[in-house]
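Remarks on the structure that follows.
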Amino acid sequence: MIKDKNTMEKIVSLCKRRGFVFQGSEIYGGLAGAWDLGPLGVALNNNIKREWWKMFVDGREDMYGLDAAILMNEKVWEASGHTGAGFCDPLVEDLETKERYRADHLMEDNGYDVEGKTPEQIDEIIEREGIKSPNGNPLSKVREFNMMFETKVGAQGDVRSYLRPETAQGIFVNFKNVVDSMNPKMPFGIGQIGKAFRNEIAPREFLFRVREFEQMEVEYFVKEENWSELFEVWRQDIWKWFDHIGLSRDNVREFEVPENDLAHYSKRTIDFEYNFPGKGFDELAGFAYRTNHDLKSHMDASGEKLEYIEADGTRYVPHVLEPSFGVGRALTAILAEAYTEDEMGGEVRTFLKLPAHLAPYRAAVSPLLKNKPELVAKAREVFAVLKKEFGNVAWDDNGNIGKRYRRQDEIGTPACVTIDFETLGQEDPSLKDTVTVRDRDTGEQTRIHISELVAYLKK
Ligand code: GAP
Numbered sequence: 006m007i008k009d010k011n012t013m014e015k016i017v018s019l020c021k022r023r024g025f026v027f028q029g030s031e032i033y034g035g036l037a038g039a040w041d042l043g044p045l046g047v048a049l050n051n052n053i054k055r056e057w058w059k060m061f062v063d064g065r066e067d068m069y070g071l072d073a074a075i076l077m078n079e080k081v082w083e084a085s086g087h088t089g090a091g092f093c094d095p096l097v098e099d100l101e102t103k104e105r106y107r108a109d110h111l112m113e114d115n116g117y118d119v120e121g122k123t124p125e126q127i128d129e130i131i132e133r134e135g136i137k138s139p140n141g142n143p144l145s146k147v148r149e150f151n152m153m154f155e156t157k158v159g160a161q162g163d164v165r166s167y168l169r170p171e172t173a174q175g176i177f178v179n180f181k182n183v184v185d186s187m188n189p190k191m192p193f194g195i196g197q198i199g200k201a202f203r204n205e206i207a208p209r210e211f212l213f214r215v216r217e218f219e220q221m222e223v224e225y226f227v228k229e230e231n232w233s234e235l236f237e238v239w240r241q242d243i244w245k246w247f248d249h250i251g252l253s254r255d256n257v258r259e260f261e262v263p264e265n266d267l268a269h270y271s272k273r274t275i276d277f278e279y280n281f282p283g284k285g286f287d288e289l290a291g292f293a294y295r296t297n298h299d300l301k302s303h304m305d306a307s308g309e310k311l312e313y314i315e316a317d318g319t320r321y322v323p324h325v326l327e328p329s330f331g332v333g334r335a336l337t338a339i340l341a342e343a344y345t346e347d348e349m350g351g352e353v354r355t356f357l358k359l360p361a362h363l364a365p366y367r368a369a370v371s372p373l374l375k376n377k378p379e380l381v382a383k384a385r386e387v388f389a390v391l392k393k394e395f396g397n398v399a400w401d402d403n404g405n406i407g408k409r410y411r412r413q414d415e416i417g418t419p420a421c422v423t424i425d426f427e428t429l430g431q432e433d434p435s436l437k438d439t440v441t442v443r444d445r446d447t448g449e450q451t452r453i454h455i456s457e458l459v460a461y462l463k464k
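Just so you know, the sequence shown maps onto residues 6 to 464 in my numbering.
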C-alpha cells in the first residue's frame, strides 16, 4: 500500500482514538511540542526501550548501563559547548505577526540549503532573494537561539541549571566512575535511556520534532587507531536494530553527513533516515565518531583525569563512537511501517502489523458470549495463564466477536484467543479444552489445545 500524508493523518488519529498518543495538556489547549503517551503508547514505548536495552546493553559483554540525573552542574554544558553557538538554531521573526521560524527550514522551503551558513550569510540571501515569511511579510535579521531550557535550582533560585538536551553528557561525566567501579576492558561502552529537552523553535510533525523526548544512546570508547574498524561493526549493529523493530530496509537509508556540515566534535557522522509517510526520508537516528573531544573538554574544565590506563601502564583519553536513537522517532517509524489497510470479509480493515515483541498486547482473550457464565469462567482461566506468562494480555468481551477482532487488529494485537462452546466439549468431546486462535495478519483461525497455547503464542 502507498503511504502518504493522508496515511500519517490516519495514524495520528488512530493514536488518539485508541490510546497511543495524546496532545500534552490537551484540556487546556495543549502545549506545543509536548505529547503524552496513553496506555497503549506507553506499552509500545516501553517495549521499544526494553528491546533496545536487551540488544545494546544486556545482550553484550562490553556494555554497561547508566541512568544519570537530568539536572547537572551548569559547568557540564559550558564544557560540552552547549551554552555556546554550537547548540543554537537560527531564528527569524515575521516582522508583522511576530511569528518565529527556524531560518534554515524556511530557507529550505524556499529552495535554499543554508546548512553551515552564518546568520549574516543567511541574512544576505534573504535580502538578495527577497524572501518573505510564509504570510508574505518581511523578516527580521537572523539571530542565534539557544535550545537549552534553563532552570533555577534551590530555594534561593540562584543556582543555574539546564534540562539536559542530550543524555550523552551524563555518560561522559560518569566515565571515570564507571571505569573505577567496573574495571572494563577496552573497547567498552556505556548505554543510557532517558529524557532530553530542547526548546525547538518550531516543534512539528507529530513526535518527530518535540521539546521533550527520550533518547537511547551509547558512548562506545575505543583506542583511536581502532575507530574506523569498530565504526563499521557498529554500523551493521544499527542495521540489525532496525531489522529487529520491523523497519523494512527499503524504508531506511544512510546519509553520510558531508565534511563541511559535521558538528565541530565529529570526524564522521552517518544519519540513519526513515521514509516517513508524507514527509519522505528524514533523520531517525544518528551515528557519530566524536573523537575524544568530549572527554578532553570535561578533563580540561573539571581538572579530573578522564583517562584509560592499560595493564602495561599506557594512559590515553579514549575516542568515542556514538549511536544515538530517539525513542519517539522510532515509535513513529514503527507505527508508520506497521499501519496497513486491506480487505477482509468484503470490508476495508485497518491493522497494525507490529512485531509481536513490540505490540502493546501479545494476545487478547475473549469468551464468545459474555452472558454465558461457563464460557466466561473458562476464558478467565485461560486469561490467567496467559497473563502470568506474558503480562501484556488483554481481556476483551466488548461487543460481538467481529468487532473485537477489528479493535484488536487496529491496535496490533498479534493473536485473539476465543473460548467457545467447543472449548467446553459440549458439541464434540474431542475438542474439549481447545480454543480458537485468530491470526491478526491473515485472519486465519486455528484450534489449539489450552496446554499448548503458551508455546504456540511464543512461536
Ligand atoms: N548525543 C547526540 C545527539 O543528541 P542528535 O542528532 O541531536 O544527537 C539524536 O539527536 C537523536 O535524538 C535524533 O536522531 C533523533 O532521533 C532524536 N531527537 C533529537 N532532537 C529531537 C527532537 N526535538 N524531537 C524528537 N527527537 C529528537
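We treat Cβ as the ideally placed atom computed from N, Cα and C, and that holds for glycine.
Boundaries (first-last residue) of the beta strand (DSSP E) holding residue i
i: Pro372; result: Ala368 to Pro372
i: Asp287; result: Gly285 to Tyr294
i: Arg165; result: Val164 to Leu168
i: Asn11; result: Premise fails: Asn11 lies in the alpha helix (DSSP H), Lys10 to Arg22, not in any beta strand (DSSP E).
i: Tyr69; result: Met68 to Leu71
i: Val257; result: Val257 to Glu261
i: Val442; result: Thr439 to Asp444
i: Glu155; result: Phe154 to Val158
i: Glu79; result: Taken as a continuous stretch (DSSP letters only), Glu79 belongs to no beta strand (DSSP E), being part of the alpha helix (DSSP H) at Glu79 to Ser85.
Residue interval of the alpha helix (DSSP H) (run including residue i)
i: Pro95; result: No alpha helix (DSSP H) contains Pro95, which is instead part of the beta strand (DSSP E) from Cys93 to Glu98.
i: Gly46; result: Pro44 to Trp58
i: Thr111; result: The question names Thr, yet the displayed sequence has Leu at residue 111. It spans Ala108 to Asp114 - the alpha helix (DSSP H) in which Leu111 sits, taken as one unbroken run.
i: Arg133; result: Pro124 to Glu134
i: Tyr461; result: Leu458 to Lys463
i: Val26; result: Val26 -> not in any alpha helix (DSSP H); beta strand (DSSP E) instead, spanning Val26 to Gln28.
Pair within 9 Å by beta-carbon distance, residue i and residue j
i: Met191; j: Lys228; result: yes
i: Leu359; j: Ile424; result: no
i: Val440; j: Val387; result: yes
i: Arg23; j: Ile455; result: no
i: Glu155; j: Ala39; result: no
i: Gly291; j: Pro328; result: yes
i: Val442; j: Cys421; result: yes
i: Phe202; j: Tyr313; result: no
i: Thr337; j: Phe247; result: no
i: Leu300; j: Phe177; result: yes
i: Met77; j: Ser166; result: yes
i: Glu149; j: Pro208; result: no
i: Leu326; j: Asn179; result: no
i: Pro170; j: His87; result: yes
Distance between residue j and residue i (C-alpha atoms, nearest Å)
i: Phe61; j: Arg254; result: 20 Å
i: Asp99; j: Ile131; result: 13 Å
i: Met153; j: Glu79; result: 11 Å
i: Thr102; j: Gln126; result: 24 Å
i: Gly175; j: Trp57; result: 19 Å
i: Asp433; j: Arg452; result: 13 Å
i: Glu431; j: Tyr410; result: Looking at the sequence shown, residue 431 is not Glu but Gln. Answer to the nearest angstrom: the Cα atoms are 24 Å apart.
i: Tyr465; j: Ala335; result: What the structure shows of the chain is the stretch from 6 to 464, and residue 465 is not part of that stretch, so it cannot be assessed.
i: Pro139; j: Lys245; result: 41 Å
i: His303; j: Thr172; result: 15 Å
i: Leu361; j: Glu205; result: At residue 361 the sequence reads Ala, which differs from the Leu that was named. Near 34 Å, if we compare the C-alpha coordinates of Glu205 and Ala361.
i: Asn47; j: Val17; result: Sequence inspection shows Val at residue 47; the Asn mentioned does not correspond to that position. Answer to the nearest angstrom: the Cα atoms are 15 Å apart.
i: Thr447; j: Phe356; result: 11 Å
Any non-hydrogen atom of the ligand GDP within 8 Å of residue i CB
i: Glu56; result: Of the ligands this structure carries, namely the ligand GAP, none is the ligand GDP.
Using 8 Å as the Cβ pair cut-off and three pairs as the minimum, do the region 193–203 and the region 218–227 touch?
-> The way I'd put it, the region 193–203 does touch the region 218–227; three or more beta-carbon pairs between them come closer than 8 Å.
Mind listing, in chain order, the continuous alpha helix (DSSP H) runs of no fewer than 4 residues lying wholly within the region 356–432?
-> 378–395 and 406–415
Would you call the region 115–132 and the region 58–70 touching, i.e. three or more CB-CB distances under 8 Å?
-> no
Does the count of Cβ pairs from the region 66–86 and the region 106–119 closer than 8 Å reach three?
-> no
Taking one C-beta from the region 304–317 and one from the region 327–347 each time, how about it: are there three or more such pairs within less than 8 Å?
-> no
Length-filtered (4 minimum) alpha helix (DSSP H) runs lying within the region 286–347 | 298–307 and 332–343
Count the C-beta pairs between the region 368–375 and the region 398–416 that are closer than 8 Å, then say yes if the count reaches three, no if not.
-> yes
Counting pairs of Cβ atoms below 8 Å between the region 235–254 and the region 265–281, do you hit three or more?
-> yes
Taking the runs of the alpha helix (DSSP H) that are 4 residues or longer, which of them lie wholly in the region 177–232?
-> 180–187
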